[in-house]
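Reviewing the structure listed below.
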Amino acid sequence: MEPGTAERNVESRAPAQGQGKSAGSRFREFLSLLRALLFTDLLIYFYTVVCGAASLIGSLFDSKGRWQHGCARLWSRLILKTSRIRLKVEGLENIPRDRTLIFCANHPSAMDIPILFVCLPVQFRFVAKRSLFNLPFLGWHLWRSGHIPVERDKPHKAMKSMDQAAERIRAGCSVVLFPEGHRSRDGSLGAFKSGSFYLAVKSGAPVVPITIRGSRAVLKPDSLHVRPGVVEIIIHPQISTEGLTVDDVNALSDRVRERILSRFQPEVVVTPPSPDDSHHPLPRKGERVKLDKNGSSLSGESESKGVAQT
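So the sequence shown is residues 17 to 326, counted in the working numbering.
Printed below as a string of structure tokens:
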């Protein structure tokens with residue numbers, strides 16, 4: 017085994033489809049899915065419509081976005097309560113109330129958004145790709161709530177939008193960023209995009225790294241099956257950007273990644289290996305996947321064929 021790597025056995029899609037489970041386990045899984053589809057998901061849609069409408073109406077009277085943020089927090093609390101998701105938050109003392117901050121978190125699940133709305137005790141806005149602002153209803157809410165659009169596809173416009181976002185932060189608007197750029201599909205920590213840290217350097221605001229653990233277990237990517245559970249949020253001490261230049265972007269990215277990784281756990285299920293696993297052309301139960309010291313899957317046959325994807 018190469019230095020700095022660890023082999024871990026992960027449960028692939030085959031067990032998730034019911035192989036090796038008892039009839040009782042499959043029945044409980046079916047009931048859990050039924051509850052999610054017929055109760056939890058429908059209420060989430062209802063909360064979204066009601067709170068979204070209240071937010072849009074309130075935005076006519078509140079240009080600063082405080083009413084909209086309050087609606088988003090209420091929406092988030094209702095979702096977590098209905099989904100029976102409990103939060104365990106550590107490090108709230110690392111959030112100063114008297115200054116603008118940039119929160120950088122890993123992103124294993126769509127549930128991360130309501131989780132952060134509930135656990136962070138300060139006003140903040142999300143930095144999101146501009147295409148989301150063009151969607152009916154959702155885009156209206158994002159604009160009216162003061163969330164910050166950034167261009168990703170066109171380099172010149174992307175740089176200009178980053179500079180505009182930095183001005184908003186310097187003006188006193190704390191923001192939340194997901195430096196991976198998208199949700200992790202396999203539970204590992206993806207590569208960080210430099211734009212998040214360019215924004216931090218240009219704005220001069222300190223970065224607060226956040227590790228989210230367990231949100232993928234309550235809602236996997238591309239799934240409607242919301243499950244009850246406990247999610248841990250670890251808020252790390254802030255990292256100053258004072259005196260940094262654009263030449264320090266990569267070094268800042270490495271420091272933030274190191275902080276997040278210090279409490280990060282790849283969300284995979286450990287199972288014993290089978291003697292003949294290596295003969296299967298597709299991922300099977302117990303197939304070994306190499307994860308590097310950063311918790312990311314190493315490139316190779318197992319990863320390319322979707323091990324641990326759900």
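We put the beta carbon where it would ideally sit given N, CA and C, even for glycine.
(1) Check this for me: beta carbons of P124 and S48, under 8 angstroms apart or not?
(2) From this set, A207, P225, D57, which residue's C-alpha is nearest L193's C-alpha?
(3) According to DSSP, is K173 helix, strand or coil?
(4) Distance, Cα to Cα, V272 vs F208?
(5) Taking the alpha carbon of F77 as the point to measure from, which residue in S161, L154, T98 has its own alpha carbon closest?
(6) Under 8 angstroms, with one C-beta from each stretch per pair, do the segment 228-239 and the segment 252-269 reach the 3-pair mark?
(7) What distance in whole Å lies between the Cβ atoms of A88 and L75, which are believed to be in contact at a cut-off of 8 angstroms?
(8) Kindly list the residues whose CB is nearer than 7 angstroms to the CB of L148, restricted to its own chain and excluding five residues on each side of it in sequence; keep chain order.
(9) For R102 and V242, which I take to be in contact (beta-carbon distance under 8 angstroms), what is that distance rounded to the nearest angstrom?
(10) If you draw a straight line from the alpha carbon of V191 to that of R51, how long is it in whole angstroms?
(11) I'd like to confirm the pairing. Which residues does DSSP put opposite G245 in its beta bridges?
(12) Only counting the same chain, and skipping five residues up and downstream in sequence, which positions put a Cβ closer than 6 angstroms to that of N110?
(13) Looking at the unbroken beta strand (DSSP E) that takes in I276, where does it start and where does it end?
The relevant details are as follows:
(1) With respect to the 8 angstroms criterion, P124 and S48 are not classified as neighbours on the basis of their beta carbons.
(2) Comparing Cα positions, the closest option is P225.
(3) Here DSSP, grouped into helix, strand and coil, assigns K173 to helix.
(4) Using only the alpha carbons, I get a separation of about 10 angstroms.
(5) Selected option, being the one with the closest Cα: S161.
(6) Contact between the segment 228-239 and the segment 252-269 is absent, because fewer than three Cβ pairs lie under 8 angstroms.
(7) Here residue 75 is Ser; the residue named in the question, Leu, does not match the sequence. In fact, because the Cβ distance is near 12 angstroms, the residues do not count as touching under 8 angstroms.
(8) Excluding positions up to five away in sequence, the list reads L154, G155, L158.
(9) Going by Cβ atoms, the distance from R102 to V242 rounds to 14 angstroms, so no, they are not a contact pair.
(10) Using only the alpha carbons, I get a separation of about 34 angstroms.
(11) As DSSP reads the structure, G245 sits in a beta bridge with I101.
(12) Cβ neighbours of N110 beyond the five flanking positions: I251, P253.
(13) Annotation for I276: no beta strand (DSSP E) segment contains it, though the alpha helix (DSSP H) segment containing it runs 265-277.
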